[in-house]
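To start, the structure under review is shown below, and the notes come after it.
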Amino acid sequence: MEASSENTGRGILKKGAAGAWLEPFLSPWGAWAYGVGTAIGWGSLVVTTSQYLLQGGPVGSVAGLVVGALLMMVIARNYAYMMNRYPDSGGSYTYVRHMLGHDYGFLIAWFLSLTYLSVFWANATSLPLFSRFFLGGFFKVGYLYTIFDYEVYAGEVALTMLAIAAVGVLCTRDKRIKQIIMIALAFVFSAGIALCFFAAMFMHGGAQKSFAPLMLGDKNAISQIVKVSLMTPWAFIGFESVSNSTEEFAFPRERSFKLLTKIVITTTLLYVMVTLLSSSAYPARYDSWFAYLSDLDNLSGIEGLPAFYAAQFYLGDAGLLILVGSLLALVITSLIGNIVALSRLFVKLGRDRMLPEAFADLNEKGTPQNSVLAITLVSLLVPLLGRTPIGWIVDITTIGAVIVYGLVSLAEWHIGRTENDSKKVALGGVGFVSMAFIGLATMLPSLYSEGNLARETYFLITVWSVLGFMYFRVILKNDQDAVYGNSIIVWVFLLALVLFTSTVWMQKADQNKTHEAMLSIQQHLEQNIGSGYDLSTEKEFIQQSLDRLNQASMHSSLIMVGMFTLAVSMMFSNYRFMRKRQEENERALNAARAAAYTDALTGVKNKNAYHEWEHQAGIRISTGEETNLVVIVCDVNGLKFVNDTLGHAAGDEHIRQACYIVCRHFKHSPVYRIGGDEFVVVPHGEDLENYRDILAAFDREVEGNIGTNRAVVSAGYSILRPGLDSTLHDVFERADARMYQRKMQLKSMGAATRE
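For what it's worth, the working numbering labels the leading residue of the sequence shown as 1490, then goes sequentially.
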């Protein structure tokens, strides 16, 4: 149920079905800080630079970032239009649900939730890495276990949990305090990065360092730029997070595009500065930034972080301290920004009952405390998983961003088509096609090998999609308004995603196992050949390796088949549920329709049903389709006398008795009660073939009722004259006239009987 709203010019003040609605408080600078703070995080300083530079060099990286920024401007334009059209919380979900339907809304909410959670978890679990790099592993105490080669320590788990809990508590407090913190930290990391960058550019020449190679000479220049731009969704995801808080804008929503433009430009400049900073300095033992970055896996400490090495190289410990402070500010703003964006999404999902309605409730500070606490409690378990699995989850942000931005663009395109607005059609089309290309290029193996996702990421996407089918079943069960389950495209997409990702996962798993087997065989041969070499022994070892490889392949296949079978089963279960619900709705509709077309007193068809038949019959007569039609008009004699002398209850019984006589004679035909004591019969089948004989028997019975307490009914008929009768009214009038003549005749017979 949509809540009513009033546009105050400073946001939307309204009251919904589930709790109070969010009040405006966000200033333009606050919204900017939330957008930039959510888009930029740990990866922008630690991971992104090396990935960009090794894909396209300084020039290719900057060019790719500019291309990505231009694409984000298209996405920003689509978001800005939606933010003005639907000034509500929920951002992407709200826009897509309104324009494409609830099923698409569920799809985008499902992947948007995972995307925001992934970024939140990635930045939260970066704190132990922060400690290892810059605090000498101060919290690296209390070894617990190792997960996928990552050692988990109690001290680091406690640090991460404490940070998550602290941010969660902060996000339940006064919103204006969070805004001040976000603005301050956004200026801290922006100023810190800019200071280190400009210092490096000013001192670069004197340091005798070179930016060469400007691009990677062994690769096509366009290809390098494209590969960098393919990381755009991952790099910018979160810039649109303020759309989840449109309801809280304390400034005109018409400024949304300017706001998003500033966020995109700021984010791009920060990425460019960090990228160039990272390539501006390198240890003396390397002859170029490329040689340095290519050897990062073998480096530790500050040397393993190019941007921090450069800051220290040019500004000494002060530069390192500035950039460390900037990184800490980035992590904190990302944590706050993502939990705020996700909680506002959950508020909208609570209002729409996709989540429990309690998620939409606000505390005395006007913040969605239940949503924030739910996110916090779930996230407290994440530090126990270690950093490696979280790294796989982070890969999903690319796919999540592609789906989110693609569906928002599709909604814009749909609006443009509906409103015949070529600009919206063009912008929506460009955004959707671009996201589709990036998604395919990222997920398809070997298309752009460097941009492929980790093997485990494909499996996680498969699992999340299957869970989507399961949760949708819960939504269907609680869908009292029957608004879900109306778009098969959404479920075909989810099923196709399960099939594709599980297949790629199996392929990559087989490749990995094959590589391990070949490496094992190679090492075995190198160790044993030439020293008592026995061919039969080597054949046995190779056969054992191949058997293990086949078993691993079979295991992967069984998992893939199991996941796909589960997805198909859930899809058909959902389909059966929707089909059953549709049949129940149809039965209810038919029952309601029958009630609307049934006369309550007699049980025959009523005047509404007659008018509908009259309309259809009139069309058939005018087109010449109707050629064999008889209309019989009946009227109850003496009803007024019965009502006046015996009361209306006796009159009603008299009408029912008259109707029974009519129906008993015309048992194969529809009977309509079109007035208090007037009926119409349209003979069908046997009744149509024998209507004269039936009328004769009918007249004999009613004549026998004269002078008794039984009903006397007058009847007159008329036959359609094709070519002469232009309307049904012509036929009815003749039947009605004959009925009146018969009525006079029966009255005369009654008078004669009384004499």
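Note that the Cβ used here is the ideal one computed from N, Cα and C, for glycine as well.
Since this is a predicted model, take the numbers as computed values, not measurements.
Quick check on Thr-2197: does DSSP put it in helix, strand or coil?
On the sequence shown, residue 2197 is found 708 positions in, with the first residue counted as 1. Of the three classes helix, strand and coil, the one that applies to Thr-2197 here is coil, per DSSP.
So for Val-2093, helix, strand or coil by DSSP?
Start at 1 with the first residue of the sequence shown, and residue 2093 comes out as number 604. DSSP places Val-2093 in coil when its eight states are reduced to three.
For Tyr-1605 versus Ala-1830, is the C-beta distance shorter than 9 Å?
For the purposes of this step, residue 1605 is identified with residue 116 of the sequence shown, where counting begins at 1. For the purposes of this step, residue 1830 is identified with residue 341 of the sequence shown, where counting begins at 1. In contact: Tyr-1605 and Ala-1830 (Cβ atoms closer than 9 Å).
Run through DSSP, which three-state label would Gly-2239 get?
Numbered from 1 along the sequence shown, position 750 holds the residue referred to as residue 2239. Collapsing the DSSP output to three states places Gly-2239 in a helix.
Once DSSP output is grouped into helix, strand and coil, what is the label at Ile-1726?
Counting from one through the sequence shown, the residue named residue 1726 turns up at place 237. Correct three-state label for Ile-1726: coil.
Three-state secondary structure assigned by DSSP to Ser-2207:
Within the sequence shown, residue 2207 is the residue found at index 718, counting from 1. Reduced to three states, the DSSP call for Ser-2207 is strand.
Since Asn-1709 and Arg-1833 should fall inside the 8 Å C-beta cutoff, what is the C-beta to C-beta distance between them, to a whole number of angstroms?
Here residue 1709 refers to the residue found at position 220 of the sequence shown. Here residue 1833 refers to the residue found at position 344 of the sequence shown. Actually they are not in contact, since the Cβ atoms of Asn-1709 and Arg-1833 sit about 43 Å apart, beyond 8 Å.
Express the C-alpha separation of Ser-1991 and Leu-2047 in angstroms, rounding to a whole number.
Position 558 of the sequence shown, counted from the start, is the residue given in the question as residue 2047. Position 502 of the sequence shown, counted from the start, is the residue given in the question as residue 1991. So the alpha carbons of these two residues sit roughly 11 Å apart.
Residues bridged to Cys-2123 (per DSSP)
Position 634 of the sequence shown, counted from the start, is the residue given in the question as residue 2123. For Cys-2123, which the question treats as bridged, DSSP gives the partners Phe-2168, Ala-2204.
So the candidates are Pro-1795, Asp-1806, Cys-2123; which of them puts its Cα closest to the Cα of Ser-1539?
What you label residue 1539 is simply residue 50 of the sequence shown in a count that begins at 1. The shortest C-alpha separation from Ser-1539 is found at Pro-1795.
Which two residues bound the contiguous beta strand (DSSP E) that contains Glu-2115?
Sequence index remark: in the sequence shown, residue 2115 carries index 626 (1-based). Taken as a continuous stretch (DSSP letters only), Glu-2115 belongs to no beta strand (DSSP E), as it is neither H nor E.
Leaving out the 5 sequence neighbours to the left and right, which residues in its chain are closer than 8 Å to Ala-1652 when beta-carbon positions are compared?
As a working note, residue 1652 is residue 163 in the sequence shown. So the list reads Ala-1613, Leu-1616, Leu-1824, once near-sequence residues are dropped.
For Ala-1890, tell me which candidate among Phe-1921, Gly-1808, Arg-2065 has the shortest Cα-Cα distance.
Your numbering for residue 1890 matches position 401 in the sequence shown. When only C-alpha atoms are compared, the closest one is Phe-1921.
Helix, strand or coil at Tyr-1639 [DSSP, three-state]:
Taking the first residue of the sequence shown as 1, we reach residue 1639 at position 150. Here Tyr-1639 sits in strand by DSSP.
Measure the C-alpha to C-alpha separation of Arg-2210 and Val-2220 and round it to an integer number of angstroms.
Residue mapping note: residue 2210 aligns to position 721 of the sequence shown, counting from 1. Residue mapping note: residue 2220 aligns to position 731 of the sequence shown, counting from 1. If you take the alpha carbons of Arg-2210 and Val-2220, they lie about 8 Å apart.
State the DSSP-derived secondary structure class of Val-1897, mapped to helix, strand or coil.
As a working note, residue 1897 is residue 408 in the sequence shown. Reduced to three states, the DSSP call for Val-1897 is helix.
What's the gap between the Cα of Leu-1812 and the Cα of Leu-1554?
To locate residue 1812, count along the sequence shown from 1; it is residue 323. To locate residue 1554, count along the sequence shown from 1; it is residue 65. Distance between the alpha carbons of Leu-1812 and Leu-1554 is about 21 Å.
Opposite Thr-2087 in the DSSP bridges: which residues?
For the purposes of this step, residue 2087 is taken as the residue at position 598 of the sequence shown. Beta-bridge pairing links Thr-2087 to Lys-2094.
DSSP bridge partner residues for Leu-1515 (one or two, in chain order)
As a working mapping, residue 1515 is identified with position 26 in the sequence shown. Looking at the DSSP assignment, Leu-1515 forms a beta bridge with Phe-1738.
Proximal residues to Lys-2236 (C-beta, below 8 Å), its chain only, five neighbours per side dropped
Start at 1 with the first residue of the sequence shown, and residue 2236 comes out as number 747. Taken in chain order, the residues that qualify are Asn-2126.
Cβ-Cβ distance between Phe-1728 and Thr-1756 below 9 Å:
Position 239 of the sequence shown, counting from 1, holds the residue named residue 1728. Position 267 of the sequence shown, counting from 1, holds the residue named residue 1756. Their beta carbons are under 9 Å apart, which means Phe-1728 touches Thr-1756 by this criterion.
Measuring alpha carbon to alpha carbon, tell me which residue in Val-2120, Glu-2142, Leu-2118, Val-2122 is nearest Lys-2129.
Your numbering for residue 2129 matches position 640 in the sequence shown. From the listed residues Val-2120, Glu-2142, Leu-2118, Val-2122, the smallest Cα separation to Lys-2129 is found for Glu-2142.
Quick one: using the 10 Å Cβ neighbour count with 16 as the cut-off for buried, is Asp-1638 buried or exposed?
Here residue 1638 is taken as the residue at index 149 of the sequence shown, counted from 1. The C-beta of Asp-1638 has fewer than 16 other C-beta atoms within 10 Å across all chains shown, which makes the residue exposed.
Does the distance from the CB of Met-1886 to the CB of Pro-1722 come in under 9 Å?
As a working mapping, residue 1886 is identified with position 397 in the sequence shown. As a working mapping, residue 1722 is identified with position 233 in the sequence shown. Contrary to the premise, residue 1886 reads as Thr rather than Met in this sequence. In contact: Thr-1886 and Pro-1722 (Cβ atoms closer than 9 Å).
Hey, would you say Leu-1719 sits closer than 9 Å to Thr-1537, going by beta carbons?
In the sequence shown, counting from the first residue as 1, residue 1719 sits at position 230. In the sequence shown, counting from the first residue as 1, residue 1537 sits at position 48. Contact flag unset, no.
Going by CA-CA distance only, name the one from Arg-1774, Ala-1654, Leu-1896, Glu-1736 that's closest to Lys-1698.
Within the sequence shown, numbered from 1, the residue matching residue 1698 stands at position 209. Minimum Cα distance to Lys-1698 is reached at Arg-1774.
First and last residue of the uninterrupted alpha helix (DSSP H) at Tyr-2161:
For the purposes of this step, residue 2161 is identified with residue 672 of the sequence shown, where counting begins at 1. Unbroken run through Tyr-2161 is the beta strand (DSSP E), 2160-2162; no alpha helix (DSSP H).
In the DSSP assignment, the alpha helix (DSSP H) including Lys-2156 goes from what residue to what residue?
Locating residue 2156 in the sequence shown gives position 667, where the first residue counts as 1. Looking at the DSSP string, Lys-2156 is not in any alpha helix (DSSP H), and its letter there is neither H nor E.
Does DSSP classify Leu-2258 as helix, strand or coil?
With the chain covering 1490 to 2244 only, the question about residue 2258 has no answer from this structure.
I believe Met-1572 touches Thr-1735 by the beta-carbon criterion, under 8 Å. Please report the beta-carbon distance rounded to the nearest angstrom.
Taking the sequence shown and counting its residues from 1, one reaches residue 1572 at position 83. Taking the sequence shown and counting its residues from 1, one reaches residue 1735 at position 246. At roughly 5 Å, the Cβ-Cβ gap stays under 8 Å, so Met-1572 and Thr-1735 are in contact.
N- and C-terminal bounds of the alpha helix (DSSP H) containing Asn-1612
The sequence position of residue 1612 within the sequence shown is 123, counting from 1. Here the alpha helix (DSSP H) through Asn-1612 covers 1591-1613.
Within 10 angstroms of its Cβ, does Gly-1805 collect 16 or more other Cβ (buried), or is it exposed?
For the purposes of this step, residue 1805 is identified with residue 316 of the sequence shown, where counting begins at 1. It is exposed - the Cβ of Gly-1805 has fewer than 16 other Cβ atoms within 10 Å.
With DSSP as the reference, label Glu-1939 as helix, strand or coil.
Here residue 1939 refers to the residue found at position 450 when the sequence shown is read from its first residue. Caution is warranted here: a pLDDT of 47 is assigned to Glu-1939, below 50, making its placement in the model unreliable, and the coordinate value is therefore given only provisionally. Three-state DSSP puts Glu-1939 in a helix.
Determine which residues share a DSSP beta bridge with Tyr-1634 and list them.
In the sequence shown, counting from the first residue as 1, residue 1634 sits at position 145. Per DSSP, Val-1641.
Exposed unless 16 or more other CB atoms sit within 10 angstroms - verdict on Thr-2197:
For this step, residue 2197 is matched to residue 708 along the sequence shown. By the neighbour-count rule (16 or more Cβ atoms within 10 Å), Thr-2197 is not buried but exposed.
Identify whether Glu-2103 lies in helix, strand or coil by the three-state DSSP scheme.
Indexing the sequence shown from 1 puts residue 2103 at position 614. Looking at Glu-2103 - three-state DSSP - the assignment turns out to be helix.
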